[in-house]
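Below: one structure, written as structure tokens.
Protein chains: 2
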Amino acid sequence: MKLLEERIRRDGIVRDGDVLKVDSFLNHQMDVALFNEMGREFERLFHGCGVNKILTIEASGIGVACVTAQYFGCPVVFAKKSKTKNLAPDVWTSKVYSFTHDRVYDIIVSRAFLGPEDRVLLLDDFLANGEALKGLIDIVDQSGAALVGAAICVEKAFQPGGDKLRSEGIRVESLARIKSMSAENGIEFC
Amino acid sequence: MKLLEERIRRDGIVRDGDVLKVDSFLNHQMDVALFNEMGREFERLFHGCGVNKILTIEASGIGVACVTAQYFGCPVVFAKKSKTKNLAPDVWTSKVYSFTHDRVYDIIVSRAFLGPEDRVLLLDDFLANGEALKGLIDIVDQSGAALVGAAICVEKAFQPGGDKLRSEGIRVESLARIKSMSAENGIEFC
Chain A
1 MKLLEERIRR DGIVRDGDVL KVDSFLNHQM DVALFNEMGR EFERLFHGCG
51 VNKILTIEAS GIGVACVTAQ YFGCPVVFAK KSKTKNLAPD VWTSKVYSFT
101 HDRVYDIIVS RAFLGPEDRV LLLDDFLANG EALKGLIDIV DQSGAALVGA
151 AICVEKAFQP GGDKLRSEGI RVESLARIKS MSAENGIEFC
Chain B
1 MKLLEERIRR DGIVRDGDVL KVDSFLNHQM DVALFNEMGR EFERLFHGCG
51 VNKILTIEAS GIGVACVTAQ YFGCPVVFAK KSKTKNLAPD VWTSKVYSFT
101 HDRVYDIIVS RAFLGPEDRV LLLDDFLANG EALKGLIDIV DQSGAALVGA
151 AICVEKAFQP GGDKLRSEGI RVESLARIKS MSAENGIEFC
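Just so you know, the protein sequences line up as chains A and B, in that order. Using this note's numbering, the first residue of the first sequence is number 1, and each one after it goes up by one. Using this note's numbering, the first residue of the second sequence is number 1, and each one after it goes up by one.
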């Protein structure tokens, strides 16, 4: 998506350790007009797929998910990162490894809000190693819902998450796919 | 706001300890069509106030904030709950006491995204004791931005937060104000 690529090129900041800061428009300050264009594009990509629920994960995916859901006419559910050791019996749960924080955390979704009647579109702001998406897919599988695919704002295509999921037969659509990036040479898209 | 009151009456669940569960439409599963009506109403209430930024706090305020921001034509910034002890020098920060978890946590907002040029509307899903809002107000004050007011989805008016903030001269607009609630007698609005 040209609009997002241009915005990343203009306002994204590349840091050491494959870090791309896009917090001026995507995941701290949020440009809702841009989110609208992204939501429209996600709907175009997944048009006619019968999506009736968007599943994301707190916190930074929630904003784009809600704006996007307007184009699908469906609700959003966000998986919570659980801080408690004792999980309620009425939740779907999975474990997610965070490379950023080098630790495993539990994510939970209430069973009341995901079940066999749902056709689920996953949505997240970033895809790198794919750990968060793996956890969400595990939860969709447990619930008996149908997985339509994954809608991603920014994919670090030089990391293995996206291609691994695609090789497993999951439809992954990323609005911006970064082939390579460095502070010296800038950002190259696929 | 009639629509929200009716929804709370229909789908809200009152639990012991003044807990109101509205996670089927507000803060776990999110009814984006309802958010749109709420956003439209917030804009009506704060029309002409020159709001150019909406400030919320992760995680459950983000969805309503983003949908509402469409009516104001402005970006959203969300305060992050910091897990690290070492705060970066380029952030505004405050402390928030959580009654739910009985602990104090730091909230942070990048200085780049809040300053004297901003006219800020705070937005959150719940207002009870007002601790989160107090932290956000502290951050707005530090930044030199102008505080327009606070837009709240559900206020527990039997708890002191809302009235305390109003007595300090802060404009607080809540779409649903709960006067009392109990599992036996249901919910009464102001």
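Even for Gly, the Cβ is constructed at its ideal location relative to N, Cα and C. Predicted model, so just to flag it, every value in this text is computed and none were measured.
Host beta strand (DSSP E) of residue i (start-end)
i        : result
A/Val14  : 13–15
B/Lys156 : 146–156
A/Gly61  : First-last for A/Gly61: undefined, no H or E at that position.
A/Phe25  : Counting along the chain, A/Phe25 falls outside any beta strand (DSSP E), and DSSP gives it neither H nor E.
A/Val19  : 19–21
A/Val91  : 91–98
B/Gly186 : 186–189
Per-residue DSSP class, three states only, for residue i
i        : result
A/Glu117 : coil
A/Leu165 : helix
A/Phe72  : helix
B/Val104 : strand
B/Val67  : helix
B/Ala112 : helix
Where the alpha helix (DSSP H) containing residue i begins and where it ends
i        : result
A/Arg171 : It is not in any alpha helix (DSSP H) - A/Arg171 carries neither H nor E in the DSSP assignment.
A/Phe78  : Counting along the chain, A/Phe78 falls outside any alpha helix (DSSP H), though it belongs to the beta strand (DSSP E) covering 76–82.
B/Phe214 : Any property of residue 214 of chain B remains undetermined from this structure, which presents chain B solely from 1 to 190.
A/Gly135 : 131–143
Counted within 10 angstroms of its Cβ, other Cβ atoms place residue i as buried (16 or more) or exposed
i        : result
A/Val22  : buried
A/Pro75  : buried
A/Cys190 : exposed
A/Ser24  : buried
B/Val19  : exposed
A/Asp16  : exposed
B/Lys53  : buried
B/Gly186 : exposed
A/Ala128 : buried
A/Ser94  : buried
A/Asp102 : exposed
A/Glu188 : exposed
B/Glu117 : exposed
A/Ala65  : buried
B/Lys80  : buried
A/Ile137 : buried
A/Leu26  : buried
A/Leu3   : exposed
A/Gly115 : exposed
B/Gly135 : buried
B/Gly169 : exposed
Integer Cβ distance of residue i from residue j, believed to fall under 8 Å
i        : j        : result
B/Phe78  : A/His47  : The pair is not a contact, with the Cβ atoms about 30 Å apart (cut-off 8 Å).
B/Ala204 : B/Glu173 : Look at the range of chain B in this structure, 1 to 190, and you will see that residue 204 of chain B is not part of it.
A/Met38  : A/Thr68  : 7 Å
A/Ala132 : A/Ile57  : 5 Å
B/Val91  : B/Tyr97  : The Cβ separation is near 19 Å, so there is no contact.
A/Phe72  : A/Glu43  : 6 Å
B/Val14  : B/Ala183 : 5 Å
A/Arg119 : A/Val148 : 5 Å
B/Ser83  : B/Gly130 : The identity of residue 83 of chain B in the sequence shown is Lys, whereas the question assumes Ser. That pair is no contact at about 23 Å.
For the segment 135–147 of chain B against the segment 54–61 of chain A, are there 3 or more C-beta pairs whose distance is under 8 Å?
no
contact_flag[the segment 155–162 of chain B, the segment 166–178 of chain A] where n(CB pairs < 8 Å) is 3 or more
no
Cβ contact (3+ pairs, closer than 8 Å) linking the segment 123–130 of chain A and the segment 33–40 of chain B
no
Specify whether the segment 3–23 of chain B and the segment 102–110 of chain B touch according to this definition: at least 3 beta carbon pairs, one from each stretch, less than 8 Å apart.
no
Give the residues from the segment 44–77 of chain B that approach chain E closer than 7 Å (Cβ to any Cβ), ordered along the chain.
No chain E is part of this structure, whose protein chains are labelled A and B.
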